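Trainee: Here the protein sequences come in this chain order: A and B.
Per this note's numbering: the first sequence = residues 1139 to 1285.
Per this note's numbering: the second sequence = residues 1139 to 1285.
Note that the Cβ used here is the ideal one computed from N, Cα and C, for glycine as well.
In this text, all values refer to a predicted model and were calculated from it rather than measured experimentally.
There are 2 protein chains.
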Amino acid sequence: MFSKSTEYALRALIYLAQNSSEDHKIGIVELSVAIDSPKSFTAKILQKLTHGNKLISSVTGPSGGFYLTDQAKKKSLLKVLTLLDTEHMISGCILGLSECSEINPCPMHADYAKIKVQLLGMLGQKSLEALAREMNDPKVVINNNNR
Amino acid sequence: MFSKSTEYALRALIYLAQNSSEDHKIGIVELSVAIDSPKSFTAKILQKLTHGNKLISSVTGPSGGFYLTDQAKKKSLLKVLTLLDTEHMISGCILGLSECSEINPCPMHADYAKIKVQLLGMLGQKSLEALAREMNDPKVVINNNNR
DNA sequence: ATAATAAAAGATATATTTGTCTTTTATTGT
DNA sequence: ACAATAAAAGACAAATATATCTTTTATTAT
Ligand code: FES
Ligand code: FES
Chain A
1139 MFSKSTEYAL
1149 RALIYLAQNS
1159 SEDHKIGIVE
1169 LSVAIDSPKS
1179 FTAKILQKLT
1189 HGNKLISSVT
1199 GPSGGFYLTD
1209 QAKKKSLLKV
1219 LTLLDTEHMI
1229 SGCILGLSEC
1239 SEINPCPMHA
1249 DYAKIKVQLL
1259 GMLGQKSLEA
1269 LAREMNDPKV
1279 VINNNNR
Chain B
1139 MFSKSTEYAL
1149 RALIYLAQNS
1159 SEDHKIGIVE
1169 LSVAIDSPKS
1179 FTAKILQKLT
1189 HGNKLISSVT
1199 GPSGGFYLTD
1209 QAKKKSLLKV
1219 LTLLDTEHMI
1229 SGCILGLSEC
1239 SEINPCPMHA
1249 DYAKIKVQLL
1259 GMLGQKSLEA
1269 LAREMNDPKV
1279 VINNNNR
């Protein structure tokens, strides 16, 4: 569905939503272990989300690391996808036409449009902190370390 | 959502379902123009679907080309995705965990599982010939040549 | 101030996907 | 049989995604 980059980003954000705050920052080592992702590659992905858009906060140096503000934790997955410039994965045409439109729909459009509404609805109303809350259930996981 | 390869494959199959038969075969040139895809790349993709699995039929030489049998036209999109080995795009974990399971679900699982059922349902019941029928509506398109 | 720390930045490497081009093989119409 | 045709096969090229490693910069604790 999504690219590895996007998957790592979402997992990282959920972990940060659950475990970080302004006075408890998370280092890249802990984070990449927790979400089972390649360390340096994940660092690059996080950088994209710290600079312009300021979704992730970070500070260098001792006791530094990454964290989410309460404001950031309220952002929806859809917002995150928009920042990652990958929302088109869902909103684009399922057959790859350059535009998903009602004027000139593809043969799948009528059916897919209904599902798209639900997908976008789910992503739009699901906040990072709501997903973090799911992790209170001990069976819910965010890595592959259980196998 | 899908890779370019998959998109081209689906568009090609829909076109063949609509326009080909055992006594009206379609050449790669006509096909790649009709679905607006790179010719040689599309040829490679079609080959994958002709050999082992026999979804697409083809004959070389004059008046040769690609076509679908009536039987093949009845196959569902889900069946096609299975042949292309890309069904995991939908059935896999949306956060990229190695397995989508009820035992150890990811934080998105509860919500995504519902949508997944609908997605797989739609893909499973939509046959190539049903999609070809959609193209009888003149506004429905399968390429980008209208822009 | 200094040393330790951790992210930022940059360079590089590998793998995969996408795309093109040429040669070969199979089939058909003449 | 022969020439024309069209897919099959194979080699190659380019672009993108994924991943690693090193150096630099910013921050903090001492
Ligand atoms: S046009 Fe293809 S899904 Fe809307
Ligand atoms: S475990 Fe992630 S979607 Fe099912």
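Going by C-alpha to C-alpha distance, which of Val1171/A, Thr1220/A, Ala1172/A, Glu1237/A sits closest to Asn1120/A?
Mentor: With chain A running from 1139 to 1285 in the structure shown, residue 1120/A is simply not present.
Trainee: Using a C-beta to C-beta distance shorter than 7 Å, which residues of chain A count as neighbours of Ile1183/B?
Mentor: Result: empty, since nearest Cβ-Cβ is about 13 Å, beyond 7 Å.
Trainee: Name the one or two DSSP bridge partners that Tyr1205/B has.
Mentor: Answer is Ser1195/B.
Trainee: Which residues in the same chain have their Cβ closer than 7 Å to the Cβ of Val1159/B, if we skip the five residues on either side of it in sequence?
Mentor: Inspection of the sequence shows that residue 1159/B is occupied by Ser rather than by Val. So the qualifying residues of the chain are Tyr1205.
Trainee: Helix, strand or coil for Ile1183/A? Go by DSSP, reduced to three states.
Mentor: Three-state DSSP puts Ile1183/A in a helix.
Trainee: Which of the three DSSP states, helix, strand or coil, is assigned to Ser1214/B?
Mentor: Strand.
Trainee: Please work out which residues of its chain come closer than 6 Å, Cβ to Cβ, to Ser1239/A, disregarding the five sequence neighbours upstream and downstream, and give them in chain order.
Mentor: Correct list: empty, nothing qualifies.
Trainee: Please state whether DSSP places His1189/A in a helix, a strand or coil.
Mentor: Note: His1189/A maps to coil in three-state DSSP.
Trainee: Checking 8 Å against the spacing of the C-beta atoms, do Ile1183/B and Ile1280/B come in under that value?
Mentor: Taking 8 Å as the Cβ cut-off, Ile1183/B and Ile1280/B do not qualify as a contacting pair.
Trainee: Quick check: is any heavy atom of ligand 2 less than 7 Å from the C-beta of Ser1239/B?
Mentor: At least one heavy atom of ligand 2 is nearer than 7 Å to the Cβ of Ser1239/B, so yes.
Trainee: Can you find a C-beta in chain B that's less than 8 Å from the C-beta of Leu1154/A?
Mentor: No, no contact with chain B.
Trainee: DSSP three-state call for Ile1232/B: helix, strand or coil?
Mentor: Looking at Ile1232/B - three-state DSSP - the assignment turns out to be coil, as it is neither helix nor strand.
Trainee: Hey, is Val1278/B's beta-carbon within less than 8 Å of any beta-carbon in chain A?
Mentor: Output row for Val1278/B: interface = yes.
Trainee: Can we count Met1260/A as close to ligand 3, meaning its CB is less than 7 Å from some heavy atom?
Mentor: This structure does not include ligand 3; its bound ligands are ligand 1 and ligand 2.
Trainee: So Thr1180/B and Leu1169/B are supposed to be a Cβ contact under 8 Å. How far apart are they, rounded?
Mentor: Rounded, the Cβ-Cβ distance is 7 Å, consistent with contact.
Trainee: Compare the beta carbon distance of Ala1155/B and Leu1261/B with 8 Å and say whether it is the shorter of the two.
Mentor: Contact: no.
Trainee: Using a Cβ-Cβ cut-off of 8 Å, state whether Asp1249/B counts as contacting chain A.
Mentor: Yes, because at least one Cβ of chain A sits closer than 8 Å to the Cβ of Asp1249/B.
Trainee: Could you tell me the alpha carbon to alpha carbon distance between Ile1241/B and Met1227/B, rounded to whole angstroms?
Mentor: Roughly 20 Å between the two C-alpha positions.
Trainee: Please confirm whether Pro1245/A and Met1273/B have their CB atoms less than 8 Å apart.
Mentor: In contact: Pro1245/A and Met1273/B (Cβ atoms closer than 8 Å).
Trainee: With DSSP as the reference, label Ser1143/A as helix, strand or coil.
Mentor: Of the three classes helix, strand and coil, the one that applies to Ser1143/A here is helix, per DSSP.
Trainee: For chain A, check one thing: does any of its Cβ atoms lie closer than 8 Å to the Cβ of Asn1157/B?
Mentor: Closer than 8 Å: no.
Trainee: Show which residues of chain B have a CB atom less than 9 Å away from the CB atom of Asp1217/A.
Mentor: A quick correction: the sequence has Lys, not Asp, at residue 1217/A. What Lys1217/A touches in chain B: nothing, since even the nearest Cβ is about 15 Å away.
Trainee: Establish whether the CB of Gln1256/A and some CB of chain B are separated by less than 8 Å.
Mentor: True, the Cβ-Cβ gap to chain B drops below 8 Å.
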